[in-house]
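Right, one structure below, let's go through it.
Number of protein chains: 2
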Amino acid sequence: MDLKTLSYFVTVAEELNISHAAKKLNMSQPPLSYQIKSLEQELNTTLFVRGKRSLQMTESGQLLYRRAKEILDLSSKAEEEILSMAQGMKGTISLGLVEGTAPHIAGEWFTGFYRMYPNVRFRIMDGNSDDLVEKLRSGLISMAVITSPCDHMLLNSFPVGNEPMVAFMNSEHPLSATEGNSVSIKQLVGEPLIVPSRRALIEDIYRWFRSIKSEPNIICEMDNYLDAAALAGRGMGISIFPQTSYISNTSLVSKQIDGGTRRLEYLFVWQKGRPLPSLEEHFIDFVRDCTAQHSLI
Amino acid sequence: MDLKTLSYFVTVAEELNISHAAKKLNMSQPPLSYQIKSLEQELNTTLFVRGKRSLQMTESGQLLYRRAKEILDLSSKAEEEILSMAQGMKGTISLGLVEGTAPHIAGEWFTGFYRMYPNVRFRIMDGNSDDLVEKLRSGLISMAVITSPCDHMLLNSFPVGNEPMVAFMNSEHPLSATEGNSVSIKQLVGEPLIVPSRRALIEDIYRWFRSIKSEPNIICEMDNYLDAAALAGRGMGISIFPQTSYISNTSLVSKQIDGGTRRLEYLFVWQKGRPLPSLEEHFIDFVRDCTAQHSLI
DNA sequence: GCTTACCATATAATTTATATATGATTTGGA
DNA sequence: TCCAAATCATATATAAATTATATGGTAAGC
Chain A
44 MDLKTLSYFV TVAEELNISH AAKKLNMSQP PLSYQIKSLE QELNTTLFVR
94 GKRSLQMTES GQLLYRRAKE ILDLSSKAEE EILSMAQGMK GTISLGLVEG
144 TAPHIAGEWF TGFYRMYPNV RFRIMDGNSD DLVEKLRSGL ISMAVITSPC
194 DHMLLNSFPV GNEPMVAFMN SEHPLSATEG NSVSIKQLVG EPLIVPSRRA
244 LIEDIYRWFR SIKSEPNIIC EMDNYLDAAA LAGRGMGISI FPQTSYISNT
294 SLVSKQIDGG TRRLEYLFVW QKGRPLPSLE EHFIDFVRDC TAQHSLI
Chain B
44 MDLKTLSYFV TVAEELNISH AAKKLNMSQP PLSYQIKSLE QELNTTLFVR
94 GKRSLQMTES GQLLYRRAKE ILDLSSKAEE EILSMAQGMK GTISLGLVEG
144 TAPHIAGEWF TGFYRMYPNV RFRIMDGNSD DLVEKLRSGL ISMAVITSPC
194 DHMLLNSFPV GNEPMVAFMN SEHPLSATEG NSVSIKQLVG EPLIVPSRRA
244 LIEDIYRWFR SIKSEPNIIC EMDNYLDAAA LAGRGMGISI FPQTSYISNT
294 SLVSKQIDGG TRRLEYLFVW QKGRPLPSLE EHFIDFVRDC TAQHSLI
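These protein sequences, in sequence, are chains A and B. The first sequence runs 44 to 340 under my numbering. The second sequence runs 44 to 340 under my numbering.
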């Protein structure tokens, strides 16, 4: 008993004429006769009484007709459901990632989500947070991971992780010899600082210094992590960047700031009030779940 | 998408391992791989993510799994239903028919019921009504058509038809020359009567005569219609039998009694309080329906 | 009484399903 | 680190099922 045979049966039951049913099914008459007969054999019953020139359904036939319609209905609905779901699960997720977040934060999002939705494709752009917010607004990307703080009223957001800010300095700099793996803000007072060229982050750094009634001596704002590290390595100053942006270089020493309490928060953001394709909605939910599970551990 | 493929899919979904699933399904692994893949192609989606050594269901896969189980469930239930119904519709109906009823009353029951239940077989016995009641009691038959009246408290019954009683007489008998096709009871007073040898019927005849303050002159009780007709044909008397038992014979004339108001009622009877196989129940319902439809016409 | 409509059967061709053999890749353990 | 076991995919061959063509029989309609 398979779906094809059942639909043959249903057609015959509705036409009560094998030849007409065969025409309707785009097949010739003998195979249809054969299929009906073998269905009867399989069910060990008589479905139709063949009277000379007319077919008539038996009691069993009538029961099977009702059931067959239910089954066929259910399965065609299921098929539609799957097809439309497959449709909704195909597409591209365009995501902006602020420099440095890809491997340690977003890495598992892609592999995990890809497992559930293998027909998804990702288009990932990087840039600094201000760039990414601009790209979001212009619709070039539909979601992004940026660094906190985020004061945009037009964005939804939730935190997806954080990491300590570190001070990179030349290995001959006096601070590189301090005990432990940390320096305090107090120790950085007066030091020439190289910082990421991002307004929100720079404001953060100002806050740190203000909390000890001081102010930072920022001599350079830079976009590029590598260049900033290079400058610090050459002794131009101390560069303050997130830990993951570290560069292995013997002339370079990194120290956490205030024992790791000065941290950079990463936020997952997307535009408020603009409906997203369901695939991207799913992705956002997935990322939220991932983050929740992580914070449990 | 057919049921076989769906059950393959369900097995794989439960094992999450094609090789194991194939073993469970008593088939080899490659065709199973092939079937799953072609199912994915048909639905234009990915059902499983093949990771190195493990399978994982996608979102679409999970949806299809739920639906497939519903569909398979429904169809196996339907199959059982049909099979058990086919079982209940196979069997023999043993029926007693009082002489003369077969063609004009019961004929269409058989052809009509056989159309609905082609696996049914009939075993038909005839005899006079008393014999049939005895056969019912002994279980030799499970239902019968007998002539009214029926005073058995142990039988269920409903009427299935009636027919006029007729008087057969030799064509030279004076009554055969009466106007019309009827004689009255009054005219039969004193005539030697040949009647069926059935107590209940004879009592009926006595009632007819009592109603005109007379009594019948019964000279012979006979079992056999043909013999009775033969005796009447030879001028031995007037034989009173149901109309259908007429015999074409030039020396024989038949007249209805009291304009066809003296009638023989046929009853369908079966034993009270003894459960019958569902097939026979259905037959009784069918006969009841036939009768109801006829009385409407 | 001939033609048409219709179902059944027989046989052939095609398509589909399954098995065997094999390759590639990965995991787990010696 | 390398070997063995496990596992999925592919290729090819075989078996099974499905379908079409051709044909016959039977009953209904003109």
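For each residue, glycine too, the CB sits at the ideal point set by N, CA and C. Here the structure is a predicted model, which means the values were calculated and not measured.
*asked:* Please confirm whether V92(A) has its beta-carbon closer than 8 Å to some beta-carbon of chain B.
replied: Counted from its first residue, the first sequence places residue 92(A) at position 49. It does; some Cβ of chain B falls within 8 Å.
*What runs of the alpha helix (DSSP H), each 4 residues or longer, lie entirely inside the segment 58–87 of chain B?*
61–67, 72–86
*Since E58(A) and K67(A) are thought to touch, with beta carbons under 8 Å apart, how far apart are those beta carbons, to the nearest angstrom?*
In the first sequence, residue 58(A) corresponds to position 15, counting from 1. In the first sequence, residue 67(A) corresponds to position 24, counting from 1. So it is a contact: roughly 7 Å between Cβ atoms.
*Listing by chain order, which chain B residues have their CB less than 8 Å from the CB of T88(A)?*
Residue numbering aside, residue 88(A) sits at position 45 when the first sequence is read from its first letter. In chain order: I125, L126, M128, A129, M132, N162.
*Establish whether the CB of L68(A) and some CB of chain B are separated by less than 8 Å.*
On the first sequence, residue 68(A) is found 25 positions in, with the first residue counted as 1. No - not a single Cβ of chain B is within 8 Å of the one on L68(A).
*Under 8 Å between beta-carbons, which chain A residues line up against K95(B)? List them in chain order, please.*
Start at 1 with the first residue of the second sequence, and residue 95(B) comes out as number 52. Residues of chain A passing the Cβ test: none, with the nearest at roughly 12 Å.
_As assigned by DSSP and simplified to three states, the class of C193(A)_ = Sequence index remark: in the first sequence, residue 193(A) carries index 150 (1-based). DSSP places C193(A) in coil when its eight states are reduced to three.
*Any Cβ of chain B within less than 8 Å of the Cβ of K352(A)?*
Beyond the ends of chain A as shown, which are 44 and 340, falls residue 352(A); an answer cannot be given.
*Along chain A, in chain order, which residues have C-beta atoms closer than 7 Å to that of L46(B)?*
Position 3 of the second sequence holds residue 46(B). Result: M44, D45, L46.
*Determine whether the Cβ of A65(A) lies closer than 8 Å to any Cβ atom of chain B.*
To locate residue 65(A), count along the first sequence from 1; it is residue 22. So no, A65(A) is outside the interface.
_When you compare the CB of A272(B) with every CB in chain A, is at least one pair closer than 8 Å?_
Walking along the second sequence from the start, residue 272(B) turns up at place 229. For A272(B), the answer is no, since every Cβ of chain A falls outside 8 Å of its Cβ.
*Own chain residues within Cβ distance below 6 Å of T135(A), not counting five before or after*: On the first sequence, residue 135(A) is found 92 positions in, with the first residue counted as 1. Cβ neighbours of T135(A) beyond the five flanking positions: R164, R166.
_I'd like to know if E151(B) contacts chain A, where contact means its C-beta is closer than 8 Å to some C-beta of that chain._
The sequence position of residue 151(B) within the second sequence is 108, counting from 1. E151(B) does not count as touching chain A.
_Element boundaries [alpha helix (DSSP H), containing A275(B)]_ = The residue given as residue 275(B) occupies position 232 in the second sequence. From DSSP, the alpha helix (DSSP H) with A275(B) extends over 268–276.
*Touch check for the segment 112–123 of chain B and the segment 67–80 of chain B: three-plus C-beta pairs under 8 Å?*
no
*Note down, in chain order, each residue of its chain lying with its Cβ closer than 8 Å to the Cβ of N199(B), except the 5 sequence neighbours on either side.*
As a working mapping, residue 199(B) is identified with position 156 in the second sequence. Only V312, W313, Q314, K315 meet the Cβ criterion.
*Considering only residues of the same chain and omitting the five flanking positions on each side of M186(B), which have a CB-CB separation below 6 Å?*
By one-based count along the second sequence, residue 186(B) stands at place 143. For M186(B), where only same-chain residues beyond five positions count, the Cβ hits under 6 Å are L138, W313.
*Starting from D169(A), follow its DSSP beta bridges and name the residues at the other end.*
Taking the first residue of the first sequence as 1, we reach residue 169(A) at position 126. In DSSP, D169(A) forms a bridge with L140(A).
_Which residues in chain A have a C-beta closer than 9 Å to the C-beta of A56(B)? List them in chain order._
What you label residue 56(B) is simply residue 13 of the second sequence in a count that begins at 1. Neighbours of A56(B) on chain A: none; closest Cβ ~13 Å, over 9 Å.
*Just the Cα atoms here: how many angstroms apart are I261(A) and Q336(A)?*
On the first sequence, residue 261(A) is found 218 positions in, with the first residue counted as 1. On the first sequence, residue 336(A) is found 293 positions in, with the first residue counted as 1. Rounded to whole angstroms, I261(A) to Q336(A) spans 38 Å at the Cα level.
*Could you check the C-alpha separation between F252(A) and E308(A) for me, to the nearest Å?*
Taking the first residue of the first sequence as position 1, residue 252(A) is located at position 209. Taking the first residue of the first sequence as position 1, residue 308(A) is located at position 265. So the two alpha carbons sit approximately 18 Å from each other.
*Can V226(A) and L236(A) be called in contact, C-beta distance under 8 Å?*
In the first sequence, the residue the question calls residue 226(A) occupies position 183. In the first sequence, the residue the question calls residue 236(A) occupies position 193. Cβ distance not < 8 Å, so V226(A) and L236(A) don't count as in contact.
*asked:* In the DSSP output, what is T135(A) paired with across the bridge?
replied: As a first step, residue 135(A) is located in the first sequence; it is residue number 92 there, counting from the start. Paired residues: R164(A).
*Can the beta-carbon of M208(B) be found less than 8 Å from the beta-carbon of A275(B)?*
On the second sequence, residue 208(B) is found 165 positions in, with the first residue counted as 1. On the second sequence, residue 275(B) is found 232 positions in, with the first residue counted as 1. Result no, Cβ atoms of M208(B) and A275(B) do not sit closer than 8 Å.
_Do Y157(B) and L322(B) count as a contact pair if the criterion is CB distance below 8 Å?_
The residue given as residue 322(B) occupies position 279 in the second sequence. The residue given as residue 157(B) occupies position 114 in the second sequence. Cβ distance not < 8 Å, so L322(B) and Y157(B) don't count as in contact.
*With K315(B) as the anchor, note down where its alpha helix (DSSP H) starts and where it stops.*
As a first step, residue 315(B) is located in the second sequence; it is residue number 272 there, counting from the start. First-last for K315(B): undefined, no H or E at that position.
_Proximity test, Y309(B) beta-carbon vs the ligand ADP heavy atom, cut-off 7 Å_ = The ligand ADP is not part of the structure shown, which contains no ligands of any sort.
_Please report the distance separating the alpha-carbon of A129(A) from that of S103(B)._
Within the first sequence, residue 129(A) is the residue found at index 86, counting from 1. Within the second sequence, residue 103(B) is the residue found at index 60, counting from 1. The straight-line gap from Cα to Cα measures roughly 7 Å.
*Using a C-beta cutoff of 8 Å, does S103(B) count as contacting chain A?*
The residue given as residue 103(B) occupies position 60 in the second sequence. So yes, S103(B) belongs to the interface.
*asked:* When you compare the CB of Q99(B) with every CB in chain A, is at least one pair closer than 8 Å?
replied: Residue 99(B) sits at position 56 when you count from the first residue of the second sequence. Yes - at least one Cβ of chain A is within 8 Å of the one on Q99(B).
*asked:* Quick test of your reading: I245(B) and I300(B), contact by CB under 8 Å. State the CB separation rounded to the nearest angstrom.
replied: Counted from its first residue, the second sequence places residue 245(B) at position 202. Counted from its first residue, the second sequence places residue 300(B) at position 257. So it is not a contact: roughly 15 Å between Cβ atoms.
*May I ask which residues mark the beginning and end of the alpha helix (DSSP H) holding I255(A)?*
Indexing the first sequence from 1 puts residue 255(A) at position 212. No alpha helix (DSSP H) holds I255(A); DSSP gives it neither H nor E.
*Quick one: is G233(A) buried, meaning 16 or more other Cβ sit within 10 Å of its Cβ, or exposed?*
Looking up residue 233(A) in the first sequence gives position 190. Answer is exposed; the Cβ neighbour count stays below 16.
*Excluding the five sequence neighbours on either side, which residues of its own chain have a C-beta within less than 8 Å of the C-beta of P112(B), listed in chain order?*
On the second sequence, position 69 is the one that residue 112(B) refers to. Note on identity: in this sequence residue 112(B) is Lys, with Pro being the wrong assignment. Answer for K112(B): V53, listed in chain order.
_Nonlocal neighbours in the same chain, by C-beta distance under 8 Å from T101(B), ignoring five residues either side_ = Here residue 101(B) is taken as the residue at index 58 of the second sequence, counted from 1. Closer than 8 Å at Cβ, skipping near neighbours: T88, T89, L90, F91, V92.
*Any Cβ of chain A within less than 8 Å of the Cβ of E323(B)?*
For the purposes of this step, residue 323(B) is identified with residue 280 of the second sequence, where counting begins at 1. No - not a single Cβ of chain A is within 8 Å of the one on E323(B).
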